[in-house]
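Everything below concerns the one structure shown next.
2 protein chains.
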Amino acid sequence: MASRDLKFIQDFLKRNWDYVLEKYRDKSRLTVTSKSEPADLLTEVDLTIQKRFADAVAEAFPGDLVVGEEGDLGKIPSNPRGRVWVIDPIDGTYNFVRGMNPLFGISIALVVDGLARAAGVGFPVGGQVFLADQGEGSFCNGRPLRVSDVQHLAEACVEIDFSGLDDKKAFLSRASNVIRQSGQIRCQGAATGGICQIATGDVDGYIHMSLCPWDYAAAQLIAEEAGAMATRLDGSPLRVFDGREGVLISNGAVHEALLGCITHS
Amino acid sequence: MASRDLKFIQDFLKRNWDYVLEKYRDKSRLTVTSKSEPADLLTEVDLTIQKRFADAVAEAFPGDLVVGEEGDLGKIPSNPRGRVWVIDPIDGTYNFVRGMNPLFGISIALVVDGLARAAGVGFPVGGQVFLADQGEGSFCNGRPLRVSDVQHLAEACVEIDFSGLDDKKAFLSRASNVIRQSGQIRCQGAATGGICQIATGDVDGYIHMSLCPWDYAAAQLIAEEAGAMATRLDGSPLRVFDGREGVLISNGAVHEALLGCITHS
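Chains as they are written, first to last, in my numbering: chain X, 3 to 267; chain U, 3 to 267.
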């Protein structure tokens, strides 16, 4: 039985699904601008979805805080208490703008006193909706999820991401051993995609040097409810609003090996 | 008007489409083994498609040579003349075995005296069929293709691939400047996917240190017919059976910049 919060997330995804797909399919009419760097893109879909969500929260849960990737909502109060909704309206905007079978997600989490309680991530092109209530497991289109049982890095598929990094040289240096020791490396350009694929068992590890809460808050809960382990890059717990940036999420079995690769790079 | 050779490719893709999709959707019954390394996978689908294709060529074009990724067909005569069919039955087998919206392609080219004349690549999960006759343009599901007009690396999406490399350290060293200077990096694990996305204009560059003819012969023609440039990593022409390994394919506009990154790494 889904919580009221999870139903709210699910309803929001359902009500906005066709709008996002229509915009994706008629990309010639999109207004695309750049943010911090030329390949950091923004469209009116990001802004519209975030605005609709903030309005929906204000109506359904007056008093709840909303933080999100775009504009003013991106200013996160330090260590906010109580109920905080965290949205990335389009995670993987570059894929949304350019992509053959693109992986981009609408990501929504409810975080209470710093811990995610309910989460939903929708991937419109693939038709997948991932949902999780804390303690109740996670599901994709109703199917219960479980991480892989891959035990060794040489057989593992590890997702890394070079985007949004001020210092790509530093990341290359830290990721070098991961790239060399992992069986397969993927770089799909959407944090929600890589992390939700840990929940499905299709990917075994996900590493990013610099993620914001809206990039991972929802997908982290979905992955953890499927048995995943989630830490900072030094192995300490991954808390949504702790102000830190590095993220390592895995099936658990390859976590130590990945931490070792990062530490000894 | 498609050539007889292209129609043969198109018919073969059509006749085998449902078989591949059924096998993909019921992956629990797949027999998966490893080849040279733990993450280099092989399934009965690779073997079945290649066998069916060799049989179809023997019947329709007796005397034509067939080379392919699997088993004995992988032994390529040096610089073969005349008509040579080149097949990768499943390019991106790892994605086929593990993937949420997986990119894997069936890739077929007819090469005559060392030059690709007809090519087809099918992506069953996305429902895309790419076709090209030399000199006649390239098409995806009937839609004519054209490379992007992205002019600068800082805005470009570049696909790289770490799989199948004996020396990942050497590749990391050569790819380092590409990763640092490109706007977005993708690693989707299927050469046909990255190269066909240059034809659609979704990707601007593709780099691999070590590809075999079946990995790129078909996709190269499809990309070139959409306006792409294809060379070895030193800028020399990319010929299917020249016995060399490095591949750089781009929209043309960012080709020099990518060559510069590789040369000066």
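Each residue gets a CB set at the ideal place from its N, CA and C atoms; glycine is no exception.
*Given that a residue counts as buried once 16 or more other Cβ atoms are within 10 Å of its Cβ, and exposed if not, what is Pro239 (chain X)?*
Position 237 of the first sequence, counted from the first residue, corresponds to residue 239 (chain X). Answer is exposed; the Cβ neighbour count stays below 16.
_Is the separation between the beta-carbon of Tyr96 (chain X) and that of Leu174 (chain X) shorter than 8 Å?_
Counting from 1 along the first sequence, the entry for residue 96 (chain X) is found at position 94. Counting from 1 along the first sequence, the entry for residue 174 (chain X) is found at position 172. Going by C-beta atoms, Tyr96 (chain X) is not nearer than 8 Å to Leu174 (chain X).
_I'd like the list of long-range same chain contacts for Thr233 (chain X), defined as Cβ closer than 6 Å, with 5 residues on each side in sequence excluded._
Within the first sequence, numbered from 1, the residue matching residue 233 (chain X) stands at position 231. The answer, listed in chain order, is Leu240, Leu250.
*Specify the secondary structure class of Thr35 (chain U) as computed by DSSP and reduced to three states.*
Numbered from its first residue, the second sequence carries residue 35 (chain U) at position 33. If DSSP states are grouped into helix, strand and coil, Thr35 (chain U) belongs with the strands.
*Given a cut-off of 8 Å, decide if Pro126 (chain U) and Leu32 (chain U) are closer than it, judged by their beta-carbon atoms.*
Here residue 32 (chain U) refers to the residue found at position 30 when the second sequence is read from its first residue. Here residue 126 (chain U) refers to the residue found at position 124 when the second sequence is read from its first residue. Result no, Cβ atoms of Leu32 (chain U) and Pro126 (chain U) do not sit closer than 8 Å.
*Out of U:Arg17, U:Ala120, U:Tyr26, U:Met211, point me to the one whose CA is closest to Gln222 (chain U)'s CA.*
As a working mapping, residue 222 (chain U) is identified with position 220 in the second sequence. Of the candidates U:Arg17, U:Ala120, U:Tyr26, U:Met211, the one whose C-alpha sits nearest the C-alpha of Gln222 (chain U) is U:Ala120.
_Give me the DSSP bridge partner(s) of Ile224 (chain X)._
Position 222 of the first sequence holds residue 224 (chain X). BP columns for Ile224 (chain X) are empty, so no partner.
*What does Gly191 (chain X) touch in chain U if you count any residue whose Cβ is under 7 Å from its own?*
The sequence position of residue 191 (chain X) within the first sequence is 189, counting from 1. Within 7 Å Cβ-Cβ: Gln186, Arg188.
*Looking at the C-beta of Thr194 (chain X), does it have a partner C-beta in chain U at a distance below 8 Å?*
By one-based count along the first sequence, residue 194 (chain X) stands at place 192. Chain U contact via Cβ: absent.
_So Trp216 (chain X) and Ser109 (chain X) are supposed to be a Cβ contact under 8 Å. How far apart are they, rounded?_
Reading the first sequence from its first residue, position 214 is the one you call residue 216 (chain X). Reading the first sequence from its first residue, position 107 is the one you call residue 109 (chain X). Yes, Trp216 (chain X) and Ser109 (chain X) are in contact; Cβ-Cβ is about 7 Å, under 8 Å.
*How long is the line joining the alpha carbons of Cys159 (chain U) and Gly94 (chain X), rounded to whole angstroms?*
By 1-based counting over the second sequence, the position of residue 159 (chain U) is 157. By 1-based counting over the first sequence, the position of residue 94 (chain X) is 92. Going from the Cα of Cys159 (chain U) to the Cα of Gly94 (chain X) covers about 13 Å.
_Sequence-distant residues of its chain with Cβ nearer than 6 Å to His257 (chain U) (five each side left out)_ = Working through the second sequence from its first residue, we reach residue 257 (chain U) at position 255. Closer than 6 Å at Cβ, skipping near neighbours: Met231.
_Could you tell me the alpha carbon to alpha carbon distance between Val34 (chain X) and Leu213 (chain X), rounded to whole angstroms?_
Position 32 of the first sequence, counting from 1, holds the residue named residue 34 (chain X). Position 211 of the first sequence, counting from 1, holds the residue named residue 213 (chain X). The alpha-carbon atoms of Val34 (chain X) and Leu213 (chain X) are separated by roughly 22 Å.
*Thinking C-beta only, is Ala118 (chain X) closer than 8 Å to Gln136 (chain X)?*
One-based indexing of the first sequence puts residue 136 (chain X) at position 134. One-based indexing of the first sequence puts residue 118 (chain X) at position 116. Closer than 8 Å, so yes.
*For Gln12 (chain X), which residues in chain U fall below 7 Å Cβ to Cβ?*
Here residue 12 (chain X) refers to the residue found at position 10 when the first sequence is read from its first residue. In chain order: nothing, as chain U lies at least about 19 Å away.
*asked:* So for Pro239 (chain X), helix, strand or coil by DSSP?
replied: Here the question's residue 239 (chain X) lines up with position 237 in the first sequence. In this structure, Pro239 (chain X) counts as strand in the three-state DSSP scheme.
*So which residues on chain X does Leu105 (chain U) lean against when the C-beta distance must stay under 7 Å?*
Taking the second sequence and counting its residues from 1, the one referred to as residue 105 (chain U) is at position 103. By Cβ distance, chain X contributes Asn103.
*Based on Cα-Cα distance, which residue from X:Ala193, X:Ile89, X:Gly191 lies nearest to Arg54 (chain X)?*
Residue numbering aside, residue 54 (chain X) sits at position 52 when the first sequence is read from its first letter. The shortest C-alpha separation from Arg54 (chain X) is found at X:Ile89.
*May I ask you to list, following chain order, the residues of the segment 21-48 of chain X that have a beta carbon less than 9 Å from some beta carbon of chain U?*
Ser36, Glu39, Pro40, Ala41, Asp42
*Using the Cα positions of Arg91 (chain U) and Leu133 (chain U), report the straight-line distance between them to the nearest angstrom.*
Taking the first residue of the second sequence as 1, we reach residue 91 (chain U) at position 89. Taking the first residue of the second sequence as 1, we reach residue 133 (chain U) at position 131. Per the sequence shown, residue 91 (chain U) should be read as Pro rather than Arg. Taking the straight line from one Cα to the other gives about 16 Å.
*Considering Ile89 (chain X), what are the terminal residues of the beta strand (DSSP E) in which it resides?*
Counting from 1 along the first sequence, the entry for residue 89 (chain X) is found at position 87. Where Ile89 (chain X) is concerned, the enclosing beta strand (DSSP E) stretches over 85-93.
*Touch test, the segment 189-206 of chain X against the segment 138-158 of chain X, Cβ-Cβ under 8 Å, three pairs minimum*: yes
*asked:* Bridge partners for Thr45 (chain U) per DSSP, in chain order?
replied: As a position in the second sequence, residue 45 (chain U) is number 43, starting the count at 1. According to DSSP, Thr45 (chain U) bridges with U:Val34.
*How far does the alpha helix (DSSP H) with Leu155 (chain X) in it reach, from first residue to last?*
Taking the first residue of the first sequence as 1, we reach residue 155 (chain X) at position 153. Per DSSP, Leu155 (chain X) belongs to no alpha helix (DSSP H) and is neither H nor E.
*Does DSSP put Gln12 (chain X) in a helix, in a strand, or in coil?*
Against the first sequence, residue 12 (chain X) aligns to sequence position 10. Gln12 (chain X) falls in the helix class under three-state DSSP.
*CB contact below 8 Å: Arg100 (chain U) versus chain X*: The residue you call residue 100 (chain U) lines up with position 98 of the second sequence. So, interface residue.
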